[in-house]
Amino acid sequence: MGAAPDFTHFVRTDEDGRSRLDLAIDGITCAACLPDIETAMKRLPGVKLARLNLTSHRLALTYDPQQVEPARFTGALEAIGYRAYPYEQRQVEADEQARFVLLLKCLGVAVFAAMNIMLLSISVWSGQSTSLPPETRDFFHLVSAVIALPAAAYAGQPFFTSAWAAIRQRRLNMDVPITIGVTLALGLSVYETQHHADHAYFDSAIMLLAFLLAGRVVDQAMRRRTKTAAGNLAALKGENALRFDGAEWGLVPVAALAPGDRLLVRAGERVPADGVIVEGLSAVDESAITGETDPKPVEPGDHVYAGTVNGEGALTVDVTAAGHSALIDEAARLIEQAGAARSRYMQLSDRVSQLYAPAVHLTALVTGLSWWLFFGASPHDALVIAISVLIITCPCALALAVPTVQAMASGAFFRSGLFLNDARGLEKLGEIDAVVFDKTGTLTLPQAGVANADEIPADLLELAGRLARSSHHPLALALARSLRARAPLPEARETSGQGVSAPHEGDEARLGSAAFCAAEHLATDAEASSIYVRAGERVAQLSIRQSLRPDAARVVAHLRDAGLDLHILSGDRAEAVAPVAEKLGIADWRGGQKPAEKIAFVEALKAQGKRVLMVGDGLNDAPALAAAHASISPIDAVHLTQGQADAVFLGDRLLPVAAALAISQQARALMKQNLGFAIVYNAIAVPVAMAGHASPLFAALAMSGSSILVTLNALRLRGPGKSVTLLAKPLRDQP
15 MGAAPDFTHF VRTDEDGRSR LDLAIDGITC AACLPDIETA MKRLPGVKLA
65 RLNLTSHRLA LTYDPQQVEP ARFTGALEAI GYRAYPYEQR QVEADEQARF
115 VLLLKCLGVA VFAAMNIMLL SISVWSGQST SLPPETRDFF HLVSAVIALP
165 AAAYAGQPFF TSAWAAIRQR RLNMDVPITI GVTLALGLSV YETQHHADHA
215 YFDSAIMLLA FLLAGRVVDQ AMRRRTKTAA GNLAALKGEN ALRFDGAEWG
265 LVPVAALAPG DRLLVRAGER VPADGVIVEG LSAVDESAIT GETDPKPVEP
315 GDHVYAGTVN GEGALTVDVT AAGHSALIDE AARLIEQAGA ARSRYMQLSD
365 RVSQLYAPAV HLTALVTGLS WWLFFGASPH DALVIAISVL IITCPCALAL
415 AVPTVQAMAS GAFFRSGLFL NDARGLEKLG EIDAVVFDKT GTLTLPQAGV
465 ANADEIPADL LELAGRLARS SHHPLALALA RSLRARAPLP EARETSGQGV
515 SAPHEGDEAR LGSAAFCAAE HLATDAEASS IYVRAGERVA QLSIRQSLRP
565 DAARVVAHLR DAGLDLHILS GDRAEAVAPV AEKLGIADWR GGQKPAEKIA
615 FVEALKAQGK RVLMVGDGLN DAPALAAAHA SISPIDAVHL TQGQADAVFL
665 GDRLLPVAAA LAISQQARAL MKQNLGFAIV YNAIAVPVAM AGHASPLFAA
715 LAMSGSSILV TLNALRLRGP GKSVTLLAKP LRDQP
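Using this note's numbering, the first residue of the sequence shown is number 15, and each one after it goes up by one.
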């Protein structure tokens, strides 16, 4: 007995005291393995959640550390034939590459052997009409055996080892019928060769392996492509960071960073952790995180995220989140979670696949015995028919029908700046026919700005921004951030509740209330908060309000044209909601809504038979998000709101909301298509094989072809993330 593995560095503890651990699982060959692994984990005491991603072979576990030790997980998995180890991206990629190389080698051996055996088989087939001497025919069969047996032993490794591991644990997987079929075909061929028979099936057995391996290579390649989103995110994290230890700057590993650390991010470097800028001005490229292509200007007080690239100025950053808590890690987690989600379609596929393997063997056995005992077939012919049934009924297409679509949908969501946060989110978003928007922070940008900046002289605006730098009032802070003021005016002083004043060009400059700035004669903006600035005799009113997201009007118009029922529910006052609703063309809007009123409105829509999507970001939106059929929040929403949402989106654009509906509808349609195809395939293929009209070689070709077809159909979800289609109406992300 070896020492138990150390999981200390891989276990994460949530706020509720539960532990999280991700394991990489070796030995997974098909979707039928998935329920076996998850069921084995859920049987252990203290395990709250066990979710396996069939694409990445990553098992996410949530458990109570007081009831179960992590070492028990690996032991339980080994007991059912799987090897498990802590999930590390580089190690998993290396192991996956090794498996892929082995598959390619096996495929090469199978194809090379099949080509040579087919040359001999053609000679035998043609010799039947030209009186080929029995001795020559037997010699050709013998040479075929010499080529086929070692080639099958090597090329069949992926199937044989998996099947043997399953049988040892007294269970069945999809590789068991394949192994039995190939073994029976080879055994029958050896028997026929020994008894100088006219036919042998070495060519069929090797071609069978070649087709099966080709299908598995294609499937493996597809799976590797669907993992690029999360893999690319992991690659964005740097390895080292410049940290201030109180005396000097030193280079430390990114993994050693913690909240409260102070970092120096030089020009051109990636930001190593989430944080707040305390010194420096620059522009940050957030395209890899938010999808925004233009660099975002940043200054002290602004947030920056791990994986983004600093521009031309050095930044001093105080870390707020590092390690697995950074936004980039949360995004990768959501991508992984989306790939492991269980919609109703996937649950149906899992149940059918799990029950299908025993049915395959029973069907093949009953078919073979029936042909031999009741239809007068020889044992040889009955065995060939049973082998064909065994192979053609392997439920690979059925098992792949939904997981491949879900994996592709997860990648499409990521390319559109979206992350699924709920297992059934993909399915629910595809059923939406009504959308309810919150206003503040949802239809509008989270940060307020100066709405009438183009009406105010530039020097007066600059003065207002510099004065605002010396104030702690929320309106002044919003003003300073909006105007990107670089430095406060010297000798500025703040009068509590009134404003800020400072000497300026031989006079006094002021920023604050109308009374403080002697600006009572100026009109106020009923739709915004007002702040005033005075320099000598000049005075101006600045309207501070949140502006619409840049594409809000186009997205709302598109959703309306697509036939969706649109509403606005806002806790803001009616005077502020009315102009937003008018600009967007949403007739049904309500302001001053409390959480209970929002819930009542959503429930009323549901009572009318509507499937409601709630889009909101505030704490008061959380109950309505939970009550709606589906929900979406911005990534910067409060934690409680994000927790209730089925999906979250990045960036300043509203386009991801339309993309979520488009991708979900298409994914739902593709799932139905794949399941329908898998059912039709089996409804046709199984009777054909049972009737004796399918050779083992044809069965292998049909089975592999059906698996590749459902995978290729799922690939239709791949495409440019900046173009979506909703209900067959295109919406382009263009200015």
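We treat Cβ as the ideally placed atom computed from N, Cα and C, and that holds for glycine.
Could you spell out where the beta strand (DSSP E) holding residue i opens and where it closes?
i: residue 515; result: 513-518
i: residue 572; result: First-last for residue 572: 566-575, but that is the alpha helix (DSSP H), not the beta strand (DSSP E).
i: residue 508; result: 507-509
i: residue 62; result: 61-67
i: residue 267; result: 263-267
i: residue 440; result: That residue, residue 440, is in no beta strand (DSSP E); its alpha helix (DSSP H) goes 439-443.
i: residue 549; result: 543-549
i: residue 663; result: 661-663
i: residue 3; result: What the structure shows of the chain is the stretch from 15 to 749, and residue 3 is not part of that stretch, so it cannot be assessed.
For residue i, which of helix, strand or coil comes out of DSSP?
i: residue 708; result: coil
i: residue 188; result: coil
i: residue 101; result: coil
i: residue 608; result: coil
i: residue 212; result: coil
i: residue 466; result: coil
i: residue 529; result: coil
i: residue 83; result: coil
i: residue 623; result: coil
i: residue 458; result: strand
i: residue 125; result: helix
i: residue 11; result: Lying outside 15 to 749, the shown extent of the chain, residue 11 is not represented and no answer is given.
i: residue 299; result: strand
i: residue 293; result: strand
i: residue 78; result: coil
i: residue 681; result: helix
Straight-line CA distance for residue i to residue j?
i: residue 470; j: residue 552; result: 11 Å
i: residue 173; j: residue 712; result: 19 Å
i: residue 282; j: residue 255; result: 13 Å
i: residue 243; j: residue 643; result: In this prediction, residue 243 has a pLDDT of 46, which is less than 50 and means its spatial position is unreliable; what the coordinates show is noted afterwards. Distance between the alpha carbons of residue 243 and residue 643 is about 28 Å.
i: residue 730; j: residue 133; result: 39 Å
i: residue 378; j: residue 385; result: 11 Å
i: residue 334; j: residue 180; result: 47 Å
i: residue 273; j: residue 38; result: 29 Å
i: residue 484; j: residue 728; result: 56 Å
i: residue 636; j: residue 646; result: 11 Å
i: residue 328; j: residue 296; result: 7 Å
i: residue 30; j: residue 726; result: 42 Å
i: residue 688; j: residue 294; result: 54 Å
i: residue 556; j: residue 75; result: 53 Å
i: residue 211; j: residue 193; result: 24 Å
i: residue 376; j: residue 568; result: 58 Å
i: residue 319; j: residue 292; result: 14 Å
Assuming residue i is part of the alpha helix (DSSP H), what are its boundary residues?
i: residue 475; result: 472-482
i: residue 398; result: 393-406
i: residue 158; result: 148-169
i: residue 584; result: Residue 584 -> no alpha helix (DSSP H), and no H or E assigned at all.
i: residue 418; result: 417-429
i: residue 50; result: 47-56
i: residue 639; result: 636-641
Under 8 Å, do residue i and residue j count as touching if we go by C-beta distance?
i: residue 81; j: residue 120; result: no
i: residue 549; j: residue 532; result: no
i: residue 219; j: residue 204; result: no
i: residue 560; j: residue 584; result: no
i: residue 165; j: residue 115; result: no
i: residue 626; j: residue 448; result: yes
i: residue 415; j: residue 694; result: no
i: residue 331; j: residue 298; result: no
i: residue 277; j: residue 264; result: no
i: residue 24; j: residue 100; result: yes
i: residue 624; j: residue 565; result: no
i: residue 508; j: residue 517; result: no
i: residue 66; j: residue 73; result: yes
Please determine whether the Cβ atom of residue i lies at a distance below 7 Å from any heavy atom of the ligand HEM.
i: residue 234; result: The model depicted lacks the ligand HEM and carries no ligand whatsoever.
Subject >> At least three beta-carbon pairs within less than 8 Å, the region 105-121 to the region 81-93 >> reply: The answer is no - the region 81-93 does not touch the region 105-121, with fewer than three Cβ pairs under 8 Å.
Original post:
Between the region 671-681 and the region 433-444, do at least 3 Cβ pairs fall closer than 8 Å?
Top reply: These segments touch.
**OP:** Please determine if the region 703-710 and the region 597-609 are in contact, where contact requires at least 3 C-beta pairs separated by less than 8 Å.
**Re:** Touching, no.
Original post:
Is the region 656-673 close to the region 421-435, with three or more CB pairs under 8 Å?
Top reply: Flag = yes, the region 656-673 and the region 421-435 touch.
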